Each structure stands twice: as C-alpha cells, then as structure tokens.
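Protein chains in written order, with the working numbering: chain L, 1131 to 1618; chain S, 762 to 1247. C-beta atoms are modelled at their ideal positions from N, C-alpha and C, and glycine is treated no differently. Since we're looking at a predicted model, the values are computed, not measured. Beneath this line is the structure, given in structure tokens, with notes to follow.
As structure tokens, this is what we get:
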C-alpha cells in the first residue's frame, strides 16, 4: 500500500481519493441537475411507496375477506355425502406478499384464486391484468420500477461526463500532471456518486424498513421480512454500483461527453426495454409454453388410465378384485369397510401422480424460461436483478408455485379426509349416508406462509452470482478504461 | 425564392449530410432490423394462437363425430349405453359437456402488428349449457414472467423505440448549427428560420416514415396479409395515419425543445426526460392512480358471491322443482331413462337456472365497474401520446380490450342460443336425434361495426394531432426570439 502511495501534494493514496471524492460531491451537490433529477426520483419513490402500500393493503384485505367467506361457506354447506362435500370444495386465495409494496412482480399477471375441488387440480383464475386496462402493460409505478429503470438513468446523467468533461475543460491534463493517478480519480468520482445516490436512496430504504414494522405478519414473520429486505437492498446496491462503474468507465473510454452519453443511454434502453423482451422471445422459442388445449388434452389422456366414477373401467375391475382378495370376500356387501370410500381414495392417489407429473413439467418449462432470460444478465444486469428482486419480495413464479403446491396439498388433505370418513363410516349399499359440520370442521382453514428468506436466497443464488459478475465486470472495465485514459 | 423551393433545397442538403455521415444507412439498418424482428415475433405469436384454436376445433369435431357415431350405432340397435352420462341422446350431458362448442375470435389482418391484450385474453371460449361463470373467465396458460415483460411487437417498436431514434436524429437540429456557427452563415440566405427547421425535421419525418411504413408493408405482404380487402385497406390507412402523426408529434416536440435555444447536451437531456415522462412515468402513474382511485372490482369477492348464489339456489332446490312440476304437469311423465336420473338432471337444470339470474347480475355488476374504470382511462390516456398511440395500434390490430368485450357480448348471445337449444329438451326429457345434431348452434364472430372502430381511432388520432398543433404553435412563437448568433 505504502509503496503504491503516490505523493500528490504530499498526500497518501487514501488522502488523494478522499480529496477527489469530497470535491466531486460538493460539485454534484452544487449542480442543479442533481437536485432536479434527485428531487423527482425521491418524489416518485415516495408516491410509489405510498400507492404500492395502499394497493397491497387493499388486495390483502380483499383476499383475507374472501378467505373467510369461502371457509365459512365450507362449514355451512350443510349435511351431505362427504364426497359431495369434496366436490363443493373451497377456493384458495393467493396471499399477498408483505413486500409486494416494494416489488409487486408478477402479481398482476397471475391468477389470484384456484378452486380446490374433488378429482381435479385446477389452474389459477382471474389475472388482475386481464381486468385492467392496457395501461397495465406500460408497467406500474413501483419502488422496483424506480430503482430498476430510473435510478440507473440518474447515475448515467451524473457520471457520463466524469472524465470527458474534465478533458473537454482541460482540467484532466492538469490533474494528471500533478501526479494524480487515473484510478484515484476513478475511485474518488465513484465514491462521490455512491454518496450522492446513497443519500437519495437510503432514507427511502429506511422508510421501507419502518413500514415493514406495520406489516401484518400473517403471511411471514418479521425476521423473514427483514432478512429479505436486507438482501433486496444488497441486490440493488450491486446493480447501482455496477451502473456507476459502467458510467465512469464509458466516460473514461469515450472521446467526447456526447458519445459517452449516447453510448450509456443506448445501454440503458437495451438493458431496460429491449433485452428483456428479446430474451423472453428467445425463452419462448427454446422452451415453448404449451397452450391450454395441449395441456388439458395431455391431462385428459393421462387421466383415462384412472377410473373416476366409471365402474366399467378395466382398472376399476382390477382394483375391485384386489380389494376382494385383500379382505378375502367375493361381494362388495361383505366388505367390512366402504368400497366407495376405497375407490375414491385409490382414484385420487392415481390422479395425484398424474397432476404432479403434468404440473411439474409445466413449471419446469417456466423455470427453464426464467433461466434463459437470466443469462442476459451477464451483459444487461436487469435480466438478473428483476428476478432477484421479485424472488426476494416473494412475488415471482417460484413463490406462486409454492402457493399452488400448498393449495394442492390442502385439496389432497380434504380429499383424504372425506374418503377416510366414507371408508370408516359409510355402510356399503347405503345411498343416503351423510356427514355433517363436525367433519367439515376437521379441515382447518388454509393458511399459507411465504417461504423463509433463505429459501428465496438459495433460489436466487444464481441470479445474484450473475449480477455480481456483471458488477465486477463493469468495475474491471472502468479500471482498464481509466488506466488507458488519454489526457487530451 | 419561393418557400417550397427552399424546403426542397434544405431537403436535398440534409440528404447529402445524412449520406456523408452514413446516417441514412444506420437509420435504415435499425428500422429494418427492428420492424422485421417485430413482425417475425408477432407472426409467430399469431401462429401459436392459431394452432391452439385449430387444436381446440379439432378436439371439438372429433368429440362431436364420436357422439354421432355412437348415436348411429344406438339407432341401429347395436349399442345400449349404460349410463345417462354416456348417452348421446341425453340433452343435458351433451349440451353441458360432450358437445360444448368453441366460440372463436378470428385474428384481424393486422393482428401481428400489435399483440396488445391478446396474450391475456384467449381467442377461444368453450361454451356449454352450464352457467356463464363456468367458462367465461377461463384463461390461457402462460408463464406470468413472460406476460409481465411484454412483447417485442411492431407496436413496441413504434411506440417505444421510434421516438428514441427520432430524438437521436433531431435533438440538435438547430442547436448544433448554432454551436458550430453554421446557423449564422445559413441565415444570410433569405430563408426564414422556421423554413429551415421545418425542412430539416421534414426530411427526418420523410426518412423515418418512409422506411417504417415501407418495411411494414413489405412485412405484411411477406406474412401473407391480403391487403386487397376493404377491411385491411382501412386498417392500413389508419395505421399509416397514426404512424405519421406519432412521428410528427416527436419531431414537433424536438422542434419545441430546440427553439428554447439551449445547448445540444441540454436538449438531449430534456428530450430523454420527456420520453421517460411520456412513456414510463405518466402511464405507470395513471395506471396505479386509477387502480387506487377506481379499483378494479375484486374478482376474488365475486367468487364468494357467485358461490353464495349457487348455494342459495341449491337450498331452494326442492321448492324450485315442486314449482316446476306444478307448472308443467305434462313434463313429469315420459321418462327417457331411469326415473331417478331424469329427476336428478331436471333438478340440476332448475337449480342452475335459478342461480343463473343472480350470477349474471353479479357478473354484470362487475362488468359495469370495469367499464367505468375503462372510461376513466379512456379520457386520461390523452395525457400521454404514447398511451393514445398504443391503444390506437391495438385497436387497428384488433387486440384491444374493446374487441374482447365485443367478443364476450357475442359469446353471451351464443350461450343463450345454446341453452335455448338444449335446456328445454332436458326439461321436456326429449331425446336428441341425429337430425338435432345437424342443427346444434354454431358460433360465427361478427366484427364490430367499422364506424365504431373508426370513431375510436379518430379519437386516438386527435389525441396526437392536438399536441402536435400545440407544439407547432409554441415553436412558431418562440422561434422569433431565437438568437441566430452566439
């Protein structure tokens, strides 16, 4: 360190950087452009937080009310055959992640409810975006949008003329002539921008943290949320630091401020708007989503192997023989347990495997599409940051599928309980057997907690890696470009 | 010299400048690549949708043929179905399940130009004699992450990317001349400044418009669009008008910024800032503000209400059946199958009909709320020309919400027709014959009246023309104060 410490006006390495950073920061703070853009960004973030919070509270309230209604309807369905009750079923409503006010992710584009009924694993219905106007497609004003799209632009504006400006004013030659090393300039300027952007963003992050204290902890405990938020902040810090390095690097490598600005804006457009769409197209080509008809046909074909209520089905006869053999009887009437209950349980178990397989395959396609999209993150970091942000906020496809799995397990819990009741209590040949509220009450209301923070972090590890690789790449580029800095 | 001659002169001069910088080549390269790629993408989306429609229709015709074959065998005495559910003469199960028919929305000739809302609304609805809520809101399968990001279609190129290209070409249209000192020299000619700027911007308009429009027509022909029908000519006409207006809007905006006499760098920043406001901030702000002020009615609550209506109808089922039997004593006889089955199915239909009234009321209430929100957005869209343009391009492509509402109205009508065909037969317990199978209702989509689309698009065009006029007048006023020399 000491050997590298260059004397510039008698100062150490750290001293030089400190001086540069202070000077740059003062200059930034005196620049009306910073106050304008910073003020607008701050205002937008506050609006986004406020509106996001309102929106989240409203949707969460609606879902909580609907959950209570569907469960009450289940309890109040009256005396009936348990299998009829299974057909009546319940609706499962997707819980709103408490961090959705920061990044609502796919919430608008995914069905909010699923009918939990006998025999079938249904798909989620009612995507809010379908009911929304086409405005939705322009995106929503959220914290995530401000941080992913607008904040990098502010950085570009603050950094594009960092070196080219010095050169155009002739001050770069002076600086280098008094022994300031280009990398010292880079670090000093970088620290100044980090301080300025940090001063803008950290208070908002703090506000977000405070808001978390008011979140109803129905779906996640406080520790989970604070951990997730901390990682979120880390992810955005990496993204924005990378942008700062990139802006400085491009400024160092460019021959004029104009070229630096155009280059950076072009990158910003590709990163924010073109790459995500192009990668989505690529993902669709490489790993096409099946159409609903294809998916349903596949399921229907597979389900032909199961007998359902069809007593002429060969599998039905085979199962009957198997049961007879097990209980050593030759007629249904002689069975000590309900044959109807046994067939329902058996049929359900056959169905579970089919549904696991088909939904598993569908979700694997989604996951592959996400991975393909994320590859672009090595060059265009939004491709890695967006999924990271949604993942940590609990609003991505992974979390949606976790809930879908929970709803399906709940369905199976109902099916099993209803069939077991038949097996235990229904007398063969009795067509009037009914159960009552006591059985319905044995099924607790569906509660879902969002997965622990570490699950989400593990799931997003690759994206975090890509994002970090991009940031280090950007820093390396900035260092290389600065070392080759031409004073004239 | 006459103004038009000056304009021609400036035009030619700009062309030479662009040639010298090879700028015309780069602009052409970007536009050809972007438009071409967007078309490939749009067309592959249409293909996928059409494949889905085709698969659905094949599935339906196979299903129907199986039923007919089965019925023919029964008529010939070769088959006796075990259960009412499997019997092709049973009007209840045939109308409710086995013969359920797809109502298909055909794509317009311009569908590939704007994917719009077509990735959220499936182009086919499987209509049965069951109540509306069982099918009307079904959705296509898609990775929500894909839906969130959106599509690279021609509308995206035009609405998002074209303005950036225009900004890049014209942010310094006056300021550069001013900064290089060439403006003073140019102005020694007896040419008014507004003619100079009009000529320069006019050249850019001509370049961008002719390349985009030309490439669009080439691509439309390449994907096999029939441009000879009246419908596609009208759409093409609107598309061209809108494109021209949108290009002119961004160019007049560039002019308005240029006449403020700031530096080129400041112009670039200001125009980029305006792009962000018009394309990102305003739409997303309006979107979320509308959602908070006029929330989309919660489908989640609707689910519970529909279910309550069904439960009520079920609980009153005995009374409903009793009333029916009292009113239609003639229908209690002539059982088609086992008397138990007949009674059970009749009860189902009566309960269903009792619930239908309430459910359609609930759903209509939601539709009214949605329509109110749509009206609010319809008027707020004029705040941002980008929203106006996106909505208008979706309307030209037939992928806007209004077309899906139109489909849904027609599906409702078809559903009523379908129920009117099957349900009386169920209640009367009349068996279906092969003759009946020939007369099952079929859905044929009738597009909205041209005048309706035209009115919508005219509104959109005005939403672009008015800002153009305002910017034009503003520029014309401010240009008088433009300092020719530094």
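- By the rule that beta-carbons nearer than 9 Å mark a contact, residue 1161 of chain S touches chain L.
- In terms of beta-carbon proximity, residue 910 of chain S lines the interface with chain L, with at least one pair separated by less than 9 Å.
- When DSSP states are grouped into helix, strand and coil, residue 1165 of chain S belongs to the helix group.
- In the three-state reduction of the DSSP assignment, residue 1254 of chain L falls in the coil class.
- Of S:939, S:1070 and S:967, the smallest CA-CA separation from residue 1004 of chain S is found for S:967.
- Counting only residues of its own chain and dropping the five nearest sequence neighbours on each side, residue 1565 of chain L has a CB closer than 6 Å to the CB of 1212 and 1551.
- Contact between residue 1153 of chain L and residue 1350 of chain L does not hold, since the beta-carbon distance rounds to 45 Å and is not under 8 Å.
- Contact annotation: the stretch 939-959 of chain S does not touch the stretch 909-918 of chain S, with fewer than three C-beta pairs closer than 8 Å.
- Against chain S, the beta carbon of residue 1255 of chain L has neighbours under 9 Å at 898, 899, 900, 1060 and 1064, listed in chain order.
- Chain order gives the chain S residues near residue 1422 of chain L as 813, 883, 899, 900, 901 and 902, where near means a beta carbon separation below 8 Å.
- In the DSSP assignment, residue 887 of chain S falls within the unbroken beta strand (DSSP E) covering 885-888.
- Interface criterion met: the Cβ of residue 906 of chain S is under 9 Å from a Cβ in chain L.
- The three-state secondary structure of residue 934 of chain S, taken from DSSP, is coil.
- When the beta-carbon positions are compared, residue 1188 of chain L and residue 1053 of chain S come within less than 9 Å of each other.
- Among the residues of the stretch 1140-1155 of chain S, those with a Cβ less than 9 Å away from any Cβ of chain L are 1141, 1142, 1145, 1147, 1148, 1151, 1152 and 1155, in the order of the chain.
- Under the 10 Å beta carbon count, residue 1080 of chain S is surrounded by fewer than 16 other beta carbons and is classified as exposed.
- Counting only residues of its own chain and dropping the five nearest sequence neighbours on each side, residue 1546 of chain L has a CB closer than 8 Å to the CB of 1475 and 1478.
- Chain-order list of chain L residues neighbouring residue 892 of chain S: empty, with the shortest C-beta distance near 14 Å, by a criterion of under 9 Å.
- Chain L places a beta carbon closer than 9 Å to that of residue 1072 of chain S, counting this residue as a contact.
- Distances from the alpha-carbon of residue 816 of chain S to those of L:1348, L:1338, L:1403 and L:1422 put L:1422 closest.
- For residue 1243 of chain L, the enclosing beta strand (DSSP E) has its first and last residue at 1243-1246.
- The beta-carbon of residue 1014 of chain S is placed no less than 9 Å from the nearest beta-carbon of chain L.
- For residue 1131 of chain S, the nearest beta carbon of chain L is closer than 9 Å to its own beta carbon.
- For residue 1113 of chain S, the closest Cβ of chain L is not nearer than 9 Å.
- If only complete runs of 4 or more residues are kept, the stretch 1363-1407 of chain L shows the alpha helix (DSSP H) at 1387-1399, in order along the chain.
- Contact with chain L is found for residue 878 of chain S, since one of that chain's Cβ atoms lies less than 9 Å from the residue's Cβ.
- Boundaries of the alpha helix (DSSP H) harbouring residue 1496 of chain L: 1469-1505, taken from the DSSP string.
- By the neighbour-count definition (other C-beta atoms within 10 Å, threshold 16), residue 1074 of chain S is a buried residue.
- Residue-level contact check: residue 1562 of chain L does not touch chain S, since none of the beta carbons of chain S fall below 9 Å from its beta carbon.
- Spanning the alpha carbons of residue 1169 of chain L and residue 1284 of chain L requires a straight line of approximately 11 Å.
- At a beta-carbon threshold of 7 Å, the residues of chain L lying near residue 802 of chain S are 1411, ordered along the chain.
- Around the beta carbon of residue 1616 of chain L, fewer than 16 other beta carbons lie within 10 angstroms, which makes this residue exposed.
- Of all residues in the stretch 1247-1276 of chain L, the ones placed with a Cβ closer than 9 Å to any Cβ belonging to chain S are 1253, 1254, 1255, 1256, 1257, 1258, 1259, 1260, 1261, 1262, 1263, 1264, 1265, 1266, 1267, 1268, 1269, 1270, 1271, 1272 and 1275, in chain order.
- Apart from the 5 residues on each side of it in sequence, residue 1247 of chain L sits with its Cβ closer than 8 Å to the Cβ of 1216, 1217, 1218, 1219 and 1541 in its chain, given in chain order.
- Residue 1291 of chain L and residue 1387 of chain L have their C-alpha atoms some 5 Å from each other.
- The C-alpha of residue 1208 of chain L is placed about 11 Å away from the C-alpha of residue 1202 of chain L.
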